[in-house]
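Numbering (the numbering used here), first residue to last: 1 to 742.
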């Protein structure tokens, strides 16, 4: 079963007001002490991060906007700390948001480009700021746009799997562009918006998002909470029920709607702060307001009309300042003094800043640096050696393309070090292209904020140094250090038979922990026995506690049923107790095949897929919902197969009863007919052992024959992986997939 890592979904009392208890199967002899209740003014602050979608540096009055009114945010900027040199970590949405959540810039992060057919996803090894704060007892919510796939309620990239106990809004990047959606997600459930049925415009999603956010604040006003509020305004299209004060303007309807969207964002921010004041918690709440990238020009909007980039060059999709420099305002009356900061502050800094504010340990392998001292009035907040951006964008808009000199779809990178800014473009889509073949530009932001004078030719040594920083900032695969709790089930889970659960509590922070404990809870009637130690004291920085349990479900447990298991890891850190949790759902396996069978006719133990459901072509007259079309390779049609999209893994229970497994596997005509870029690698594993690897599969190369001895294999895993770092057109099929039984 795939390993997933989640964090505790309980109340703040589980950390702050009550001892942390272990499960009966592995109970500790001592409990982690609860911290003393905080006094007024020193309490752990509530944290609110409000992220606009495509709001430009110059779109707010506090940053020079003249035509669009934003009085509520302007007041917060005057009362709080206004950053003049804050940066998104990408010039488009998905990679920017991934970096914001995980503290990794686009040379290291899991999502480095906007989706091209398949939505980007967070990985099991990533840690979001919600996971960090959840471990300290924060109630956590993301309300609005999530923007990572797949669009499914039970998968590792879902907000509930990434530390957010409450989610309401859009999972998918593309779906978030609908202001009158047919449905929105509430946690793992797709909820129909009845007022928008059949194309009606009865319910405006930003208003639904606003109300849910205000409700969350009210429900958790008495305990520490983290709210990540991500309305979709002012992203295109310029849909809004009423253009309000802009109705009489001589602008186009699109520009009126766009201006009204920005003002509605301002109103939303005002309602949030009004709610905080009304509840008496404004002084104990830190609010951050920012944007995911520069201003857009889609849907007929003219950003030049509004001077949306202010003095900066470029738009959304450009790595010039206008595409990546964004507003950032930090507000907390009594905590954050009024002022401005010119510290270059990328949004990778949000994770460590929130962690320090919330007294939570943070991973050490991130690119962000805490700005918490700066918010407290200290000038000593750590500064970055340099800032890095990467772009792999296929979308083209006219103004952005003009700013890029017709290179909007070229790979691009940028670095800022002190006041030097370098941007370079690769004429072919290959980041490994030798440096001499890239086109490099250099700007001195101190004297040329608008990046109008390329001074690369006059400063070759500066260019060389900045290009070297670009190279050093990139990793094809960025290996993460373990942090928090991970659990792995080694099955199969057969009623009446023992299986193994292995869990790790990893201290990926910078300081040692004490009294580290792991505990496993299982359904009533299941036997759980620890085979190794469940505690370690101390747990040094970089070290891990690993525990193995033998778990036996009762013989009467129903087959083909999902059951909950939860591993809790607790420890005392220098800033207080933490509790991480890894909920797993294990499935008691269906019966092993009693005779020869096609896999498309068997129930699987589990199935994960990169995009959409696994398609089953039964081709035998039974056509229930979900069956796929017949599989075709090179014009030859096959039945009895499985259609998947990389990355995927489908697991079957053979129970040691099967003799051979045979199949054809390859990129099918469905994908090949759409384009020739698909490339995957298939493997077959038996009880964790690799039995077969296909090598690189392409549509042009045709399918590969699989014929394997599977005697004694209990669990058969069919795995398909991406083979070219591009999951577009990676639809792959297992045709005539069949087992024979002795």
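C-beta atoms are modelled at their ideal positions from N, C-alpha and C, and glycine is treated no differently. These numbers come from a predicted model, not from an experiment.
- Less than 8 Å separates the beta-carbon of residue 563 from that of residue 585.
- Taking residue 261 as reference, the option from 617, 231, 493 and 535 with the minimal CA-CA separation is 231.
- If you ignore the 5 residues before and after residue 339, its C-beta comes within less than 7 Å of the C-beta of 81, all in its own chain and listed in chain order.
- The C-alpha of residue 190 is placed about 11 Å away from the C-alpha of residue 181.
- In this structure, DSSP gives residue 217 a helical state, which the three-state scheme calls helix.
- Between the alpha carbons of residue 326 and residue 319 lies a distance of about 12 Å.
- In the assembly as shown, residue 433 is an exposed residue. Its beta-carbon has fewer than 16 other beta-carbons within 10 Å.
- Apart from sequence neighbours up to five positions away, the residues of its chain that approach residue 687 with a beta-carbon distance below 7 Å are 713, 714 and 715, ordered along the chain.
- In this structure, the straight-line span from the alpha carbon of residue 492 to that of residue 554 is close to 14 Å.
- A straight line joining the alpha-carbon of residue 411 with that of residue 188 spans about 36 Å.
- Taking each of 460, 145, 739 and 165 in turn and checking the Cα distance to residue 179, the smallest one comes out for 145.
- Nearest to residue 414 by C-alpha distance, out of 695, 323 and 70, is 323.
- Contact between residue 104 and residue 366 holds, with the beta-carbon distance rounding to 6 Å and staying under 8 Å.
- Within the segment 259-300, complete beta strand (DSSP E) segments of at least 3 residues are found at 285-291, given in chain order.
- The segment 535-543 makes no contact with the segment 470-480; the number of CB pairs closer than 8 Å stays below 3.
- With fewer than 16 other CB atoms across the displayed protein chains lying within 10 angstroms of its CB, residue 378 is exposed.
- In this structure, residue 727 sits away from residue 607, with a CB-CB distance that is not shorter than 8 Å.
- Sixteen is the threshold: since fewer than 16 other Cβ atoms of the shown chains lie within 10 Å of the Cβ of residue 280, the residue is exposed.
- Boundaries of the alpha helix (DSSP H) around residue 401: 398-403.
- DSSP, reduced to helix, strand and coil, places residue 193 outside both helices and strands of the structure shown, so it counts as coil.
- DSSP places residue 461 inside the alpha helix (DSSP H), whose first and last residues are 460-473.
- With a minimum length of 3 residues, the unbroken runs of beta strand (DSSP E) contained wholly in the segment 108-148 fall at 139-145.
- Between the segment 202-214 and the segment 119-137 there are fewer than three inter-stretch CB-CB distances shorter than 8 Å, so the stretches are not counted as touching.
- DSSP places residue 73 in the uninterrupted alpha helix (DSSP H) bounded by 71-79.
- Measuring C-alpha to C-alpha distances from residue 392 to each of 384, 661, 421 and 431 identifies 431 as the nearest.
- Using a C-beta cut-off of 8 Å, the segment 439-454 makes no contact with the segment 351-361, since fewer than three inter-stretch Cβ pairs fall below that distance.
- Taking C-beta separations shorter than 6 Å and ignoring five residues to either side along the sequence, the partners of residue 201 in its chain run 180, following chain order.
- Per DSSP, the continuous alpha helix (DSSP H) segment holding residue 100 begins and ends at 93-102.
- A Cβ-Cβ distance of about 25 Å is found for the pair residue 659 and residue 614, leaving them out of contact under the 8 Å criterion.
- Around residue 671, the same chain offers 678, 729 and 731 as residues with beta carbons nearer than 6 Å, after the five sequence neighbours per side are excluded.
- When only Cα atoms are considered, residue 452 and residue 469 end up about 23 Å apart.
- Residues 422, 440, 442 and 456 of the same chain have their beta carbon placed closer than 8 Å to that of residue 463, with the five preceding and five following residues left out of the count.
- If you check the CB distance, residue 644 and residue 609 come in under 8 Å.
- Classified as buried, residue 648 has 16 or more neighbouring CB atoms from the shown chains inside 10 Å of its CB.
- In the three-state reduction of the DSSP assignment, residue 63 falls in the helix class.
- Taking the C-beta atoms as reference points, residue 639 is found no nearer than 8 Å to residue 669.
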